[in-house]
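Chemist: Just dropping this structure here.
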Amino acid sequence: MTAEPVIDTQHSPTASEVPAAPPTVRASLSPSRAADFKTCPLLYRFRSIDRLPERPTVEQVRGTLVHAVLERLFDLPAAARTPESAGDLVAPQWDRLVTEQPELATLFAEGDTAGVEGFLRSASALLEGYFTVEDPRRLEPAEREALISAVVDDELLIRGYLDRLDVAPDGALRVVDYKTGGAPREAFEARALFQLKFYALVLWRTRGVVPRVLRLLYLKDAEVCDYSPDADELLRFERTVVALWQAIEQATARQDFRPRPSRLCDWCSHQALCPSFGGTPPPFPVAGPADPLTDARSRPAAPGADE
-11 MTAEPVIDTQ HSPTASEVPA APPTVRASLS PSRAADFKTC PLLYRFRSID
39 RLPERPTVEQ VRGTLVHAVL ERLFDLPAAA RTPESAGDLV APQWDRLVTE
89 QPELATLFAE GDTAGVEGFL RSASALLEGY FTVEDPRRLE PAEREALISA
139 VVDDELLIRG YLDRLDVAPD GALRVVDYKT GGAPREAFEA RALFQLKFYA
189 LVLWRTRGVV PRVLRLLYLK DAEVCDYSPD ADELLRFERT VVALWQAIEQ
239 ATARQDFRPR PSRLCDWCSH QALCPSFGGT PPPFPVAGPA DPLTDARSRP
289 AAPGADE
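Start counting the sequence shown at -11; every next residue gets the next number (this note's numbering).
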């Protein structure tokens, strides 16, 4: 399989900044949408093809807020990256998020000051968990909230947003992902590692370096999960990703996305449309002009949305 870099940037690019995909590229895939299909093909359809709206949950928005604070924390001088400074960032970052996405304010009833204050305190508590497992005064991340992407198998663009990338003096890479939920059981941890392997594959293909460590920081439980991939494993993973996209293409051609019931159904926003719960999916959308750079919603999932 061949691969070439497409973009690797510190900030979220505007439409004018994103270079055109190579002419051979026919589609793109992010780790979130790939995980959707693995979890439930019908969920993938609802999110990526029907593009049904989903009202964010308090847990998801709390994750977004905590990610925003941790990103801004590293804008401060190293000595100022303290728990107190992080706590001081919570309210301003919440105000910024609500200004940019006014719908977030609807999470709380109008005038529910106590609810908002409790929400902000819960975010601050997660940040305390972060300082239990890391000392940001000793870190200088190379990249934060960075979009990375590569082309694999000549036709598939894979891309995603890193929470943080650390580069050691010897060039070794460490991919860090913040999780605001509790440390999961094995099956759920496998989903989180799937996401990090996705990033590792992109970095390997664009930089020629296999990340030394893939690190999951579980802030709620103050736990760290480290995993070290190797080139052979990433090569197998690349084949898995390509095969997964081929399965998505086949399902799309047949308009056949079947539900796969599991315990995760309890958190699904689309039960009313799912046959497993007596619902009927909407008519399959009429295909419009193909956009090889779009694999899901019009904007990337917010950090923390998949906690």
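Glycine included, each C-beta is placed from N, C-alpha and C at the ideal position.
#1: Rounding to the nearest angstrom, what Cα-Cα distance links residue 200 and residue 217 in this structure?
#2: Determine the direct distance from the alpha carbon of residue 133 to that of residue 250, and round the result to whole angstroms.
#3: Tell me the DSSP bridge mates of residue 132?
#4: Looking only at C-alpha atoms, which of 118, 10, 247 sits nearest to residue 55?
#5: I'd like the span of the beta strand (DSSP E) that includes residue 167, first residue to last.
#6: Using the Cβ count rule (16 or more neighbours within 10 Å means buried), how would you classify residue 203?
#7: Which whole-angstrom value is the C-beta distance of residue 232 and residue 25, which I expect to be below 8 Å?
#8: Pick from 32, 27, 107, 12: whose alpha carbon is nearest that of residue 272?
#9: Does the Cβ-Cβ distance between residue 153 and residue 130 come in under 7 Å?
#10: Looking at the structure shown, is residue 242 part of a helix, part of a strand, or coil, going by DSSP?
#11: Measuring alpha carbon to alpha carbon, tell me which residue in 42, 22, 15, 53 is nearest residue 260.
#12: Would you list the residues sitting across from residue 214 in a DSSP beta bridge?
#13: Does residue 97 come out as helix, strand or coil in the three-state DSSP assignment?
#14: What number of angstroms, rounded off, separates the C-alpha of residue 85 from the C-alpha of residue 244?
#15: Put residue 69 into one of helix, strand or coil per three-state DSSP.
#16: Mind checking residue 183: buried by the 16 CB within 10 Å criterion, or exposed?
#17: Note down the Cα distance separating residue 277 from residue 39, rounded to an integer number of angstroms.
#18: What did DSSP end up calling residue 16 once you bin it into helix, strand or coil?
#19: Give the range of the alpha helix (DSSP H) segment to which residue 61 is assigned.
Modeler: Let's see:
#1: Mapped onto the sequence shown, residue 200 falls at position 212. Mapped onto the sequence shown, residue 217 falls at position 229. Those two C-alpha atoms are separated by around 7 Å.
#2: Here residue 250 is taken as the residue at index 262 of the sequence shown, counted from 1. Here residue 133 is taken as the residue at index 145 of the sequence shown, counted from 1. Going from the Cα of residue 250 to the Cα of residue 133 covers about 31 Å.
#3: As a working mapping, residue 132 is identified with position 144 in the sequence shown. Residue 132 is bridged to 152.
#4: Sequence index remark: in the sequence shown, residue 55 carries index 67 (1-based). Nearest of 118, 10, 247 to residue 55, Cα basis: 118.
#5: Start at 1 with the first residue of the sequence shown, and residue 167 comes out as number 179. From DSSP, the beta strand (DSSP E) with residue 167 extends over 161 to 167.
#6: The residue you call residue 203 lines up with position 215 of the sequence shown. Flag for residue 203 reads buried.
#7: Here the question's residue 232 lines up with position 244 in the sequence shown. Here the question's residue 25 lines up with position 37 in the sequence shown. Going by Cβ atoms, the distance from residue 232 to residue 25 rounds to 6 Å, so yes, they are a contact pair.
#8: For this step, residue 272 is matched to residue 284 along the sequence shown. With distances taken between Cα atoms, residue 272 lies closest to 32.
#9: Within the sequence shown, residue 153 is the residue found at index 165, counting from 1. Within the sequence shown, residue 130 is the residue found at index 142, counting from 1. Yes, these two residues count as a Cβ contact at 7 Å.
#10: Indexing the sequence shown from 1 puts residue 242 at position 254. Helix, per DSSP.
#11: Working through the sequence shown from its first residue, we reach residue 260 at position 272. Closest by alpha carbon: 42.
#12: Counting from 1 along the sequence shown, the entry for residue 214 is found at position 226. Beta-bridge pairing links residue 214 to 203.
#13: Here residue 97 refers to the residue found at position 109 of the sequence shown. Of the three classes helix, strand and coil, the one that applies to residue 97 here is coil, per DSSP.
#14: Residue 85 sits at position 97 when you count from the first residue of the sequence shown. Residue 244 sits at position 256 when you count from the first residue of the sequence shown. Residue 85 and residue 244: Cα-Cα distance of roughly 37 Å.
#15: On the sequence shown, residue 69 is found 81 positions in, with the first residue counted as 1. Coil, per DSSP.
#16: Numbered from 1 along the sequence shown, position 195 holds the residue referred to as residue 183. Counting other Cβ atoms within 10 Å of its Cβ, residue 183 reaches 16 or more and is therefore classed as buried.
#17: As a working note, residue 277 is residue 289 in the sequence shown. As a working note, residue 39 is residue 51 in the sequence shown. Unreliable positioning characterises residue 277 in this predicted model, as indicated by a pLDDT of 44, which lies under 50. A coordinate reading is not provided.
#18: In the sequence shown, the residue the question calls residue 16 occupies position 28. Residue state, collapsed to three classes: strand.
#19: Stepping through the sequence shown from its first residue, residue 61 is reached at position 73. Per DSSP, residue 61 belongs to the alpha helix (DSSP H) from 46 to 61.
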